[in-house]
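Numbering (our numbering), first residue to last: 1059 to 1213.
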(Lines of atoms letter the chains of each structure in order from A and count residues from 1; the text may use other names and numbers.)
(Lines give C-alpha, C1' and ligand atoms only; values in the text may rest on other atoms or scores of the structure.)
Protein backbone atom coordinates (compact mmCIF):
# COMPACT_ATOMS: atom_id res chain seq x y z
CA UNK A 1 0.00 0.00 0.00
CA UNK A 2 2.88 2.35 0.74
CA UNK A 3 4.17 1.81 -2.83
CA UNK A 4 0.86 2.89 -4.35
CA UNK A 5 0.76 6.10 -2.31
CA UNK A 6 4.38 6.88 -3.18
CA UNK A 7 3.66 6.24 -6.87
CA UNK A 8 0.56 8.47 -6.73
CA UNK A 9 2.59 11.15 -4.96
CA UNK A 10 5.23 11.15 -7.72
CA UNK A 11 2.55 11.31 -10.43
CA UNK A 12 0.87 14.22 -8.64
CA UNK A 13 4.21 16.05 -8.29
CA UNK A 14 4.96 15.48 -11.99
CA UNK A 15 1.55 16.82 -13.07
CA UNK A 16 1.96 19.85 -10.78
CA UNK A 17 5.45 20.54 -12.17
CA UNK A 18 4.17 20.39 -15.75
CA UNK A 19 1.25 22.70 -14.91
CA UNK A 20 3.51 25.25 -13.25
CA UNK A 21 6.06 25.19 -16.07
CA UNK A 22 3.31 25.98 -18.62
CA UNK A 23 2.47 29.28 -16.88
CA UNK A 24 3.90 32.55 -18.16
CA UNK A 25 7.58 32.27 -17.53
CA UNK A 26 9.38 35.39 -16.27
CA UNK A 27 12.17 34.45 -18.67
CA UNK A 28 9.83 34.81 -21.66
CA UNK A 29 9.91 38.20 -23.41
CA UNK A 30 7.10 40.62 -22.65
CA UNK A 31 5.77 42.22 -25.82
CA UNK A 32 4.50 45.25 -23.89
CA UNK A 33 8.00 46.57 -23.20
CA UNK A 34 9.87 48.91 -25.48
CA UNK A 35 13.24 47.76 -26.80
CA UNK A 36 15.21 51.03 -26.68
CA UNK A 37 18.84 51.37 -27.78
CA UNK A 38 19.27 55.14 -27.55
CA UNK A 39 17.58 58.51 -27.48
CA UNK A 40 17.56 61.88 -29.16
CA UNK A 41 16.52 65.14 -27.50
CA UNK A 42 15.20 67.89 -29.74
CA UNK A 43 14.58 71.61 -29.34
CA UNK A 44 12.10 72.98 -31.93
CA UNK A 45 12.71 69.94 -34.14
CA UNK A 46 16.52 70.29 -34.04
CA UNK A 47 18.54 67.54 -32.37
CA UNK A 48 20.52 68.99 -29.45
CA UNK A 49 21.61 65.70 -27.84
CA UNK A 50 21.85 62.08 -28.91
CA UNK A 51 23.10 58.86 -27.39
CA UNK A 52 23.20 55.67 -29.39
CA UNK A 53 25.25 52.52 -28.83
CA UNK A 54 27.20 54.31 -26.08
CA UNK A 55 28.21 57.23 -28.32
CA UNK A 56 27.13 60.70 -27.17
CA UNK A 57 26.63 63.49 -29.68
CA UNK A 58 26.49 67.03 -28.26
CA UNK A 59 26.09 68.32 -24.74
CA UNK A 60 23.43 70.75 -23.66
CA UNK A 61 24.16 74.45 -23.12
CA UNK A 62 21.78 77.17 -21.93
CA UNK A 63 21.84 80.48 -20.07
CA UNK A 64 20.69 81.29 -16.55
CA UNK A 65 16.89 81.81 -16.61
CA UNK A 66 16.49 80.07 -19.98
CA UNK A 67 13.70 77.52 -20.27
CA UNK A 68 14.12 74.94 -23.03
CA UNK A 69 11.03 73.00 -24.15
CA UNK A 70 12.54 69.66 -25.17
CA UNK A 71 11.15 66.54 -26.81
CA UNK A 72 12.58 63.05 -26.26
CA UNK A 73 12.60 60.47 -29.06
CA UNK A 74 13.69 56.92 -28.28
CA UNK A 75 15.71 54.97 -30.84
CA UNK A 76 15.62 51.34 -31.94
CA UNK A 77 18.64 49.10 -32.63
CA UNK A 78 19.12 50.74 -36.05
CA UNK A 79 19.04 54.28 -34.68
CA UNK A 80 15.54 55.00 -36.00
CA UNK A 81 12.88 56.67 -33.88
CA UNK A 82 10.51 54.19 -32.27
CA UNK A 83 7.04 55.09 -33.55
CA UNK A 84 3.69 54.05 -32.13
CA UNK A 85 1.63 52.46 -34.86
CA UNK A 86 -1.85 53.78 -35.67
CA UNK A 87 -4.50 51.88 -33.75
CA UNK A 88 -1.95 50.60 -31.27
CA UNK A 89 -3.13 50.94 -27.71
CA UNK A 90 -0.94 53.51 -26.04
CA UNK A 91 0.84 52.33 -22.95
CA UNK A 92 1.38 54.76 -20.10
CA UNK A 93 5.01 55.73 -20.41
CA UNK A 94 6.58 58.55 -18.52
CA UNK A 95 9.96 60.03 -17.86
CA UNK A 96 11.76 60.18 -14.54
CA UNK A 97 14.80 62.37 -14.00
CA UNK A 98 17.81 62.25 -11.70
CA UNK A 99 19.67 65.59 -11.48
CA UNK A 100 23.18 65.63 -10.03
CA UNK A 101 23.06 69.29 -8.89
CA UNK A 102 19.55 70.76 -8.65
CA UNK A 103 21.04 74.19 -7.82
CA UNK A 104 22.16 74.51 -11.45
CA UNK A 105 19.17 73.13 -13.39
CA UNK A 106 15.55 72.19 -12.84
CA UNK A 107 13.46 69.81 -14.93
CA UNK A 108 9.68 69.63 -15.14
CA UNK A 109 7.42 67.47 -17.27
CA UNK A 110 5.70 69.39 -20.04
CA UNK A 111 2.05 68.68 -20.89
CA UNK A 112 2.04 66.89 -24.21
CA UNK A 113 -0.40 67.16 -27.06
CA UNK A 114 -2.78 64.19 -27.03
CA UNK A 115 -2.66 63.97 -30.84
CA UNK A 116 1.06 63.17 -30.75
CA UNK A 117 2.71 60.54 -28.61
CA UNK A 118 5.69 62.63 -27.54
CA UNK A 119 7.48 62.83 -24.23
CA UNK A 120 8.36 66.43 -23.44
CA UNK A 121 10.06 68.23 -20.60
CA UNK A 122 11.32 71.67 -19.69
CA UNK A 123 14.94 72.28 -18.75
CA UNK A 124 15.53 75.49 -16.78
CA UNK A 125 18.92 77.13 -16.11
CA UNK A 126 19.01 78.21 -12.46
CA UNK A 127 22.64 79.22 -11.90
CA UNK A 128 25.95 79.13 -13.76
CA UNK A 129 27.83 75.86 -13.71
CA UNK A 130 27.96 72.37 -15.15
CA UNK A 131 25.96 69.38 -13.99
CA UNK A 132 24.46 66.19 -15.35
CA UNK A 133 21.09 64.53 -15.36
CA UNK A 134 19.84 61.16 -16.47
CA UNK A 135 16.40 60.15 -17.56
CA UNK A 136 14.52 56.87 -17.38
CA UNK A 137 11.67 55.71 -19.57
CA UNK A 138 9.25 54.26 -17.02
CA UNK A 139 6.68 51.59 -17.87
CA UNK A 140 4.60 49.51 -15.45
CA UNK A 141 6.64 50.66 -12.44
CA UNK A 142 10.13 49.99 -13.78
CA UNK A 143 12.57 51.51 -16.26
CA UNK A 144 12.54 50.20 -19.84
CA UNK A 145 15.53 52.47 -20.56
CA UNK A 146 18.05 54.47 -18.50
CA UNK A 147 20.06 57.16 -20.24
CA UNK A 148 23.72 57.88 -19.78
CA UNK A 149 24.64 61.00 -17.79
CA UNK A 150 23.65 64.00 -19.92
CA UNK A 151 25.98 66.97 -19.43
CA UNK A 152 24.42 70.45 -19.11
CA UNK A 153 26.35 73.72 -18.94
CA UNK A 154 24.54 76.84 -17.74
CA UNK A 155 26.25 80.15 -18.63
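Using N, Cα and C, we set each Cβ at its ideal position, and we do this for glycine too. These numbers were taken from a predicted model, which means no experiment stands behind them.
At a Cβ-Cβ threshold of 8 Å, residue 1210 and residue 1186 do not count as neighbours. Residue 1198 places its beta carbon 8 Å or farther from that of residue 1092. Contact between residue 1105 and residue 1095 fails: their C-beta atoms lie close to 16 Å from each other, not under 8 Å. When only Cα atoms are considered, residue 1123 and residue 1133 end up about 30 Å apart. Residue 1206 sits away from residue 1179, with the two beta carbons spaced by 8 Å or more. Distances from the alpha-carbon of residue 1130 to those of 1108, 1183, 1114 put 1108 closest. Spanning the alpha carbons of residue 1135 and residue 1162 requires a straight line of approximately 33 Å. In terms of Cα proximity to residue 1189, the closest of 1117, 1103, 1127 is 1117.
Your pair residue 1181 and residue 1097 does not check out as a contact, with CB atoms roughly 14 Å apart and the cut at 8 Å. For residue 1119, the enclosing beta strand (DSSP E) stretches over residues 1118-1120. DSSP places residue 1192 inside the beta strand (DSSP E), whose first and last residues are 1187-1197.
Beta bridge pairing from DSSP links residue 1178 with 1129. With respect to the C-alpha of residue 1103, the residue from 1128, 1192, 1157, 1177 having the closest C-alpha is 1128.
Short of 6 Å from the beta carbon of residue 1166, and not among the five residues preceding or following it, lie these beta carbons of its own chain, in chain order: 1180.
In the displayed model, residue 1206 falls within coil according to three-state DSSP, outside both helix and strand.
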